[in-house]
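These notes are about the structure you will find just below.
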Amino acid sequence: MKSLVALLLLLVATSAFADQYVNGYTRKDGTYVNGYTRSSPDSSYNNNYNVRGNTNPYTGSEGTASPTYNDRSPSYNTRTYGDPGYTNSGSGNSTGRSNTRSIYGY
């Protein structure tokens, strides 16, 4: 009985962390998107394959997006904390701020 319970717990845990294959599809504008494998959805932004420090095991490509300080998506942080302004790159305008946004969206 104990081994059956342990096996069931193992199966549930394994399926909870399994990657998912997304079938190819056609967008409304007619563009076809090839099928791909993604990690299982969760509440963590920083553990996605596209975030710097992670490597996609299927393609070998390394993530390029910057991790966030609180493990939430950049859009969540902008929506929650507001737009804190533009990044300062010394563009020479009157505020000393450039008109380019960082990869965090602000």
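Mapped onto mature numbering (1 follows the signal peptide of the UniProt record, and there is no 0), the consecutive letters of the sequence shown carry residue numbers -18 to -1, 1 to 88. In this text, a Cβ means the ideal position worked out from N, Cα and C, and glycines have one as well.
Cβ-based neighbour list, residue i, same chain, cut-off 7 Å, excluding 5 preceding and 5 following
i	result
Gly17	Tyr3, Val4, Asn5 and Gly6
Ser26	Asp53
8 Å contact criterion, which residue i and residue j should meet: CB distance rounded
i	j	result
Asn32	Pro49	Not really, about 11 Å apart at Cβ, beyond 8 Å.
Thr46	Arg34	6 Å
Nonlocal neighbours in the same chain, by C-beta distance under 8 Å from residue i, ignoring five residues either side
i	result
Arg9	Val15
Ser55	Tyr27
For residue j and residue i, the rounded distance between their alpha carbons
i	j	result
Glu44	Ser21	14 Å
Gly12	Thr37	31 Å
Asp1	Asp24	11 Å
Tyr51	Met(-18)	45 Å
Asn59	Gly42	29 Å
Residues near residue i in its chain [Cβ-Cβ closer than 6 Å; skip 5 each side]
i	result
Asn30	none
Tyr40	Thr19
Beta-ladder partner(s) of residue i, from DSSP
i	result
Ala47	Val33
Arg20	Gln2
Tyr7	Val15
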